[in-house]
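This report refers to the structure that appears directly beneath it.
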Ligand code: F6P
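In our numbering, the protein residues as written are 10 to 385.
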């Protein structure tokens, strides 16, 4: 009797990022063309697995998507164990298991960031065969050298800083550019270095606004009356970082429902306050330096559009390596980028962890050496 043809499910979850389609194509083309497997796409993240919303992936659906931004499968931030169905939050793991059996799947490939790695591990613990690929513009997935999406977003953020330079220069202004990255500073630090920002603020190094103003004033004294401040969306002042740390510790220590509720309220209030952080920073700098300040929030521009060449290569090689692992029935892993190669890393070692910028990272040292103020 011949070997059973393997059937793979594939989905994209979490925030979209450039390179998702290149990765779907990398998995799909290798699985179909090289191994003769079948592949079914599930729409809108884990929700597609619950609601049986599918897209059969074949030669024609996989053609022409390498350069396309977003994801042809759609995405969502739905979690298998806490999904809103008809207005109620429900655990849909059992439904996903039934559908997995119903479609005769041998494995589900989940393309996503930190949250997706956790959700994939949950499905693996529920008995499904799962493999993940690391995707996010934030580059904060643990145990992989890099994630696809990051290089493209880095290019976009850098180009934006380049453009802001000329207008800041003409008007003798401070321009504060807010860059995404969730609670990691990779994108801001990378773009800040590449785009020659005068100040780079990242979540890993809480800042002191006085020190930033001093650096800007020093520039003014030496005849340069403009400054570019690259600020990560997750960056915060030392006081705010201390308040957040204490609220998070309070939540960890809370034993009663009442204490948990209190700690959560405190955290939510801090989050609300943080939404205005970049505007507040620009205002403080204007007051302290007497230079006009403007804010540019890069936002979703960083996630949109065609992936750059580096992301296409990374997504294709991770996707293709993923099909190899499925062929070997090596499940329960994330396909990590390691140097020029790839490495399967057990999901338990990835889920729930975040790769942040180490304070002594070479990018941090480099930024300091070329005279960039890091706010500390
Ligand atoms: O993880 C990617 C990311 O763009 C983060 O940089 C950002 O904090 C978040 O997603 C925004 O999420 P949403 O798309 O849900 O607004």
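No residue lacks a Cβ here, since even glycine has one placed at the ideal position from N, Cα and C.
- Boundaries of the beta strand (DSSP E) around residue 345: 342 to 347.
- At least one heavy atom of the ligand F6P falls within 7 Å of the beta-carbon of residue 242.
- If you check the CB distance, residue 224 and residue 297 do not come in under 8 Å.
- If you draw a straight line from the Cα of residue 91 to the Cα of residue 98, it is about 6 Å long.
- Between the stretch 39 to 47 and the stretch 142 to 149, the count of C-beta pairs closer than 8 Å stays below three; the two stretches do not touch.
- Straight-line measurement puts the Cα of residue 267 at about 48 Å from the Cα of residue 203.
- Closest in alpha carbon position to residue 84, among 22, 131, 109 and 27, is 22.
- Taking C-alpha positions only, residue 274 is separated from residue 321 by approximately 42 Å.
- DSSP, reduced to helix, strand and coil, places residue 192 outside both helices and strands of the structure shown, so it counts as coil.
- Secondary structure of residue 208 (DSSP, three-state): strand.
- Look at residue 213 here: in three-state DSSP terms it is coil, with no helix or strand label.
- In this structure, the ligand F6P has no non-hydrogen atom nearer than 7 Å to the beta-carbon of residue 313.
- For residue 99, the enclosing beta strand (DSSP E) begins and ends at 97 to 99.
- Taking 7 Å as the cut-off, the C-beta of residue 283 does not count as close to any heavy atom of the ligand F6P.
- Per the C-alpha coordinates, the member of 291, 335 and 281 positioned closest to residue 16 is 335.
- Within the chosen limit of 7 Å, the ligand F6P reaches the beta carbon of residue 189 through at least one heavy atom.
- Rounded to whole angstroms, the Cβ separation of residue 193 and residue 364 is 7 Å, and the two are in contact under 8 Å.
- Taking 4 residues as the minimum length, the alpha helix (DSSP H) runs contained wholly in the stretch 104 to 192 are 123 to 134 and 159 to 180, in order along the chain.
- Close CB contacts of residue 108 within its chain, under the 8 Å cut and outside five residues either way in sequence, are with 58, 59 and 61 (chain order).
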